[in-house]
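J.: Sharing a structure below in C-alpha cells format, with a few things to ask.
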Amino acid sequence: MDLFLQLLANGLVIGTFYALSALGLTLVFGLMRIVNFAHGELYVIGGLLGWSLTDQLGLNFFLALAIVVFALAVIGYLIDRFMMSRVRGQGEEPTILLTIGLSIFITNTALLIVGTAPLKVVSPFANKPLFLGPVVLTQSRLMLVVICIAIILGAHLLIQKTSIGRAMRATFQDAMAAQLAGIRTAHIYGFTFALGAALAGAAGMLLGSIYVAQATIGGLVSLKAFVVVILGGMGSFAGAIAGGLILGVAEALWGGYVATGYVDAIGFALVIVMLLLRPYGLFGKHNERA
Amino acid sequence: MVFERNFLLAAFAVAVLVPLVVQGEYAMHIGVLIMFSVMLATSFNLIVGYVGELPLGHTAFLGIGAYVAALLSSTFGLAFHWTLICAAVIAAIFGLFIGAITLRLRGPFFVIVTLCFAEVLRLIANNWIDLTNGPMGISGIPKPDWAMSGDVLQQKVSFYYVGIGLAAITLYLSYRFVYSNIGRAAIAVRENRFVAQSVGIWPFYFGLVTFVLAAAISGVAGGYYAYYVSFVGPEVFGFSFMISMLIMVLAGGKGTLVGPVVGAVLVVLLEEFLRDFKDLRFSIFGLVVVAVVLFLPQGLMGFITKRHEAYKVRQARDA
Numbered sequence: 108m109d110l111f112l113q114l115l116a117n118g119l120v121i122g123t124f125y126a127l128s129a130l131g132l133t134l135v136f137g138l139m140r141i142v143n144f145a146h147g148e149l150y151v152i153g154g155l156l157g158w159s160l161t162d163q164l165g166l167n168f169f170l171a172l173a174i175v176v177f178a179l180a181v182i183g184y185l186i187d188r189f190m191m192s193r194v195r196g197q198g199e200e201p202t203i204l205l206t207i208g209l210s211i212f213i214t215n216t217a218l219l220i221v222g223t224a225p226l227k228v229v230s231p232f233a234n235k236p237l238f239l240g241p242v243v244l245t246q247s248r249l250m251l252v253v254i255c256i257a258i259i260l261g262a263h264l265l266i267q268k269t270s271i272g273r274a275m276r277a278t279f280q281d282a283m284a285a286q287l288a289g290i291r292t293a294h295i296y297g298f299t300f301a302l303g304a305a306l307a308g309a310a311g312m313l314l315g316s317i318y319v320a321q322a323t324i325g326g327l328v329s330l331k332a333f334v335v336v337i338l339g340g341m342g343s344f345a346g347a348i349a350g351g352l353i354l355g356v357a358e359a360l361w362g363g364y365v366a367t368g369y370v371d372a373i374g375f376a377l378v379i380v381m382l383l384l385r386p387y388g389l390f391g392k393h394n395e396r397a
Numbered sequence: 004m005v006f007e008r009n010f011l012l013a014a015f016a017v018a019v020l021v022p023l024v025v026q027g028e029y030a031m032h033i034g035v036l037i038m039f040s041v042m043l044a045t046s047f048n049l050i051v052g053y054v055g056e057l058p059l060g061h062t063a064f065l066g067i068g069a070y071v072a073a074l075l076s077s078t079f080g081l082a083f084h085w086t087l088i089c090a091a092v093i094a095a096i097f098g099l100f101i102g103a104i105t106l107r108l109r110g111p112f113f114v115i116v117t118l119c120f121a122e123v124l125r126l127i128a129n130n131w132i133d134l135t136n137g138p139m140g141i142s143g144i145p146k147p148d149w150a151m152s153g154d155v156l157q158q159k160v161s162f163y164y165v166g167i168g169l170a171a172i173t174l175y176l177s178y179r180f181v182y183s184n185i186g187r188a189a190i191a192v193r194e195n196r197f198v199a200q201s202v203g204i205w206p207f208y209f210g211l212v213t214f215v216l217a218a219a220i221s222g223v224a225g226g227y228y229a230y231y232v233s234f235v236g237p238e239v240f241g242f243s244f245m246i247s248m249l250i251m252v253l254a255g256g257k258g259t260l261v262g263p264v265v266g267a268v269l270v271v272l273l274e275e276f277l278r279d280f281k282d283l284r285f286s287i288f289g290l291v292v293v294a295v296v297l298f299l300p301q302g303l304m305g306f307i308t309k310r311h312e313a314y315k316v317r318q319a320r321d322a
C-alpha cells in the first residue's frame, strides 16, 4: 500500500509536469490546429536559455524566467508571422513539414552551440526530502507543482476572461466572422503562437531545474505533449491537466508494478485506445471529433 | 499519364546505363541509396498523394520488412527472393491491421496515431531482446548468392541492378494501381470525399487497399535495405527515415508518380553534398526544408506543371 501511495504521488507530480510541458501545444495544436513538431524544440530553447542565464551569467531564477518567457514569445511571434502565416489554410502537410524543418534546424544548431552534455538550470529551491506520512517528495518538486498550477490557472484566466482571450476564441471558431467584427486576426494568430512558445519555454526552464536541459530531448517532449493533448481533448486546459495526470500516473504504476522497459509505450497505447473508444478526447467538445 | 509513362521509362533507361559511364564504389553506393529511396518515396506517396492523409508512422512497415528479412535470412537461411516476399506479405498484414484502425481518423489525428504505432513498434524492437536482440540489433545478415561473387565494386553493382529491378516493379505496380478503377476512386475520395461517397465509392475500403499496397512496398524496401547494410537495429522505425521520405515526396510533388522519383534523387544527392559541411549539415538541411515549403509549396513537379500551363496559355494567346 505504501508503495502504491508513493508511486501515485510520483505519478501525480510527473503528470503535472507533463501537463505543463503540453500547455503550449494545447494552444497551438488544440486551438490553432498547427501540428507543431517544433514544440519540443521551443521547450529545449527555454531550458538552454534558462541554463545560460542562471548558471553562466548567475542571474536570479525568477528574473531569468521572465527573460525566457519574453524571448520565447518574440521567437514564437516571428515564427508565426514569417512562416506559419504563409502556409495557413493549406491543410496540415505544409505546416508539419515546416515545423519538422524548424525542429531539425533548432536541434542541430543547439547541438553545435552547447553540445550533447546535460545542463542543469540553477534552482532556487532546496532539494530536501519532505515526509508526508508514508510518501516522500522533495521540496523542489512540490514547489514546482505549485508553480505549474499557478501557470495553468493564469493561462486559463487569460483565455477565458480577458478581451484578447475572447478575441482568440472568436478567431479560432470562425476567422472570417471575427475579422468582420473588427478583430485583427493576423495579430491574434501571432499572439497565440507566441503564447504557446512562451509556455513551452517556461516549461523547459522550470523542468530544466529538476531534470536537465539537453539539446536532443525535443523530439521526445513533442511526442509526449501530443499524447497529453489528444488524451485530454483538443484545446482544453482542463483536458491538458487530466491528460498529463493520466499519463504520469499510468507510467508510474506500470513502471513500478510491471516492467520499466515499455514505460514510454504506455502513452502511445493510451492514445490509440482513446481515439478508438472516445474520439473527442476526455474533455473535447463534440464538434472537434478526430 | 503519357508524360508520366515516358518520363519513368526514360528514367529507367538512364538508371540502367549509368554504371557504364560512372564507375566507382561511392557512385554505386549512392545509386543503391537512390533506388531504396525511390521505393520508399513511391510507397509513401501512394498514401499522401492518393488517399490524402499523412501517415507519419510509415516507417513501421519499413522496419517490419527489414526485421522480417533479417530474421528469416539469418535464423532460417531463407533465400533473398523468399525473404523479400515474406517481408512484403507480413508488412501488408500489419498494413491491414494498422490501416483498419487509423483510416477511421482524419487530419491531425491520423498523423499522430500512425506515429504512435511506429513508436510502439520501435519500443518493442528495443525491448523484445529474445527476438530482435534489442538495441544491439541483428548484424551479420548473410549476403544473397548473387552478391557473393566478384570484388566489392562488383557486389555494389549487383545490388544496384537488383535495386533498379525492385524500383521498376514498384513503379509499374503503382502506375497500374493509380490508373486502375481503384486508383481513380481513391483520387475521387481525395478530391472530394462527399461527392465520391454520393456516387457510391466507399472511402474506407479504397483507402485500406491503398494502405496495404503501400505497406507491402515499404516492406520490400526494408528487406532490400537490411540485405544491403547487413545490419538492422530499432532505428529503422525511427523518425529520420520518416523525415527523408516526407521531404522527398513533398519536395518532389505529391500525387504524381514522377514527383517522388525526382524528390528521392534530389534528397539523396543533397544529403551527400551536404556532407562537406560536416557539423553544419543538419542545420542547413533544416533550413532547406523550410525554404522548400515556403517557396515551392506544390513541390518541384507542381512548380513545373504550373509554369508549363502558363506557357501554353501564353502560346494560345499569341497564336
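Quick mapping for you: the protein sequence lines, in order, are chains A and B.
Each residue of the first sequence is one higher than the last, beginning at 108 in the working numbering.
Each residue of the second sequence is one higher than the last, beginning at 4 in the working numbering.
All residues carry an ideal CB built from backbone N, CA and C; glycine is no exception.
These numbers come from a predicted model, not from an experiment.
1. Within a Cβ cutoff of 8 Å, which residues of the same chain sit near residue 248 of chain A, ignoring the five residues on either side of it in sequence?
2. Is the beta carbon of residue 192 of chain B closer than 8 Å to that of residue 209 of chain B?
3. Do residue 137 of chain B and residue 130 of chain B count as a contact pair if the criterion is CB distance below 8 Å?
4. Taking only beta-carbon atoms, is residue 115 of chain B less than 8 Å away from chain A?
5. Using C-beta distances below 8 Å, list every residue in its chain close to residue 166 of chain A, excluding the 5 sequence neighbours before and after it, in chain order.
6. Give the range of the alpha helix (DSSP H) segment to which residue 333 of chain A is assigned.
7. Which ranges does the beta strand (DSSP E) cover as unbroken runs of at least 3 residues, wholly within the stretch 233-272 of chain B, from first to last along the chain?
8. Quick one: give me the first and last residue of the beta strand (DSSP E) that residue 245 of chain A is part of.
9. Mind checking if residue 9 of chain B is an interface residue toward chain A, Cβ cutoff 8 Å exclusive?
10. Where do the N-terminal and C-terminal ends of the beta strand (DSSP E) with residue 238 of chain A fall, by residue?
11. Consider the Cβ of residue 333 of chain A: report whether some Cβ of chain B lies at a distance smaller than 8 Å.
12. Check whether the Cβ atoms of residue 202 of chain A and residue 194 of chain A sit closer than 8 Å, and answer yes or no.
13. On the three-state DSSP scale, how would you describe residue 204 of chain B?
14. Could you tell me which chain B residues have their CB closer than 8 Å to the CB of residue 382 of chain A, listed as they occur along the chain?
15. Within the chosen definition, does the stretch 47-56 of chain B reach the stretch 276-295 of chain B through at least 3 CB pairs nearer than 8 Å?
16. Quick check: the Cα distance between residue 160 of chain B and residue 176 of chain B, rounded to an integer number of angstroms?
17. Relative to the C-alpha of residue 55 of chain B, which residue among B:195, B:271 and B:250 is closest?
18. So residue 318 of chain A is in the alpha helix (DSSP H); what residue range does that whole segment cover?
19. Are the beta-carbon atoms belonging to residue 224 of chain B and residue 65 of chain B less than 8 Å from one another?
20. If you measure between the beta carbons of residue 70 of chain B and residue 30 of chain B, is that distance less than 8 Å?
21. How long is the line joining the alpha carbons of residue 132 of chain A and residue 123 of chain B, rounded to whole angstroms?
22. Quick one: list the residues of chain A neighbouring residue 89 of chain B, beta-carbon separation under 9 Å, in chain order.
23. Under 6 Å Cβ to Cβ from residue 289 of chain B, same chain only, skipping five residues before and after it: list those, please.
24. Tell me which residues share the same chain as residue 400 of chain A and place their Cβ nearer than 7 Å to its Cβ, disregarding the 5 neighbours each side in the sequence.
25. Return the residue from the list A:109, A:114, A:112 and A:129 that minimises the CA-CA distance to residue 314 of chain A.
26. So residue 91 of chain B packs on residue 186 of chain B, CB below 8 Å; how close in whole Å?
27. Check distances from the C-beta atoms of the stretch 286-305 of chain B to those of chain A and list, in chain order, the residues that come in under 7 Å.
T.: Once the coordinates are examined:
1. Taking the first residue of the first sequence as 1, we reach residue 248 of chain A at position 141. Non-local C-beta neighbours of residue 248 of chain A in its own chain, meaning closer than 8 Å and more than five positions away in sequence, comprise 120 and 317, ordered along the chain.
2. For the purposes of this step, residue 209 of chain B is taken as residue 206 along the second sequence, with counting starting at 1. For the purposes of this step, residue 192 of chain B is taken as residue 189 along the second sequence, with counting starting at 1. Cβ atoms of residue 209 of chain B and residue 192 of chain B: closer than 8 Å.
3. The residue given as residue 130 of chain B occupies position 127 in the second sequence. The residue given as residue 137 of chain B occupies position 134 in the second sequence. For residue 130 of chain B and residue 137 of chain B, yes; Cβs fall inside 8 Å.
4. The residue labelled residue 115 of chain B in the question sits at position 112 within the second sequence. At least one beta carbon of chain A lies nearer than 8 Å to the beta carbon of residue 115 of chain B.
5. Within the first sequence, numbered from 1, the residue matching residue 166 of chain A stands at position 59. Here the set comprises 160 and 174.
6. Reading the first sequence from its first residue, position 226 is the one you call residue 333 of chain A. Residue 333 of chain A -> alpha helix (DSSP H) spans 325-339.
7. Taking only runs of at least 3 residues, no beta strand (DSSP E) segment lies wholly in the stretch 233-272 of chain B.
8. Taking the first sequence and counting its residues from 1, the one referred to as residue 245 of chain A is at position 138. That run of the beta strand (DSSP E) goes 242-245.
9. Within the second sequence, numbered from 1, the residue matching residue 9 of chain B stands at position 6. Interface annotation, residue 9 of chain B: not in contact with chain A, CB-CB separation never under 8 Å.
10. Working through the first sequence from its first residue, we reach residue 238 of chain A at position 131. Segment 236-239, the beta strand (DSSP E) holding residue 238 of chain A.
11. Here the question's residue 333 of chain A lines up with position 226 in the first sequence. Cβ-Cβ to chain B under 8 Å: yes for residue 333 of chain A.
12. The residue you call residue 202 of chain A lines up with position 95 of the first sequence. The residue you call residue 194 of chain A lines up with position 87 of the first sequence. Less than 8 Å separates the beta-carbon of residue 202 of chain A from that of residue 194 of chain A.
13. Translated into positions along the second sequence, residue 204 of chain B becomes position 201. Here residue 204 of chain B sits in coil by DSSP.
14. Sequence index remark: in the first sequence, residue 382 of chain A carries index 275 (1-based). What residue 382 of chain A touches in chain B: 108, 112 and 116.
15. The stretch 47-56 of chain B vs the stretch 276-295 of chain B: no contact.
16. Against the second sequence, residue 160 of chain B aligns to sequence position 157. Against the second sequence, residue 176 of chain B aligns to sequence position 173. Rounded to the nearest angstrom, the two C-alpha atoms are 24 Å apart.
17. Numbered from its first residue, the second sequence carries residue 55 of chain B at position 52. Of the listed residues, the one whose Cα sits closest to residue 55 of chain B is B:195.
18. Here residue 318 of chain A is taken as the residue at index 211 of the first sequence, counted from 1. For residue 318 of chain A, there is no enclosing alpha helix (DSSP H), as DSSP marks it with neither H nor E.
19. Counted from its first residue, the second sequence places residue 224 of chain B at position 221. Counted from its first residue, the second sequence places residue 65 of chain B at position 62. Between residue 224 of chain B and residue 65 of chain B, the C-beta spacing is below 8 Å.
20. As a position in the second sequence, residue 70 of chain B is number 67, starting the count at 1. As a position in the second sequence, residue 30 of chain B is number 27, starting the count at 1. Cβ atoms of residue 70 of chain B and residue 30 of chain B: not closer than 8 Å.
21. As a working mapping, residue 132 of chain A is identified with position 25 in the first sequence. As a working mapping, residue 123 of chain B is identified with position 120 in the second sequence. One Cα belongs to residue 132 of chain A, the other to residue 123 of chain B, and the distance between them is close to 22 Å.
22. For the purposes of this step, residue 89 of chain B is taken as residue 86 along the second sequence, with counting starting at 1. Going along chain A, no residue has its Cβ under 9 Å from residue 89 of chain B, so there is no contact; the nearest lies around 26 Å.
23. As a first step, residue 289 of chain B must be located in the second sequence, where it is residue number 286. Excluding positions up to five away in sequence, the list is empty.
24. Outside the displayed range of chain A (108 to 397) lies residue 400 of chain A, so it cannot be described from this structure.
25. As a first step, residue 314 of chain A must be located in the first sequence, where it is residue number 207. The shortest C-alpha separation from residue 314 of chain A is found at A:129.
26. Mapped onto the second sequence, residue 91 of chain B falls at position 88. Mapped onto the second sequence, residue 186 of chain B falls at position 183. Approximately 19 Å separates the beta-carbon atoms of residue 91 of chain B and residue 186 of chain B; this is outside 8 Å, ruling out the contact.
27. Only 286, 288, 289, 290, 292, 293, 296, 297 and 300 from the stretch 286-305 of chain B bring a Cβ to less than 7 Å from some Cβ of chain A.
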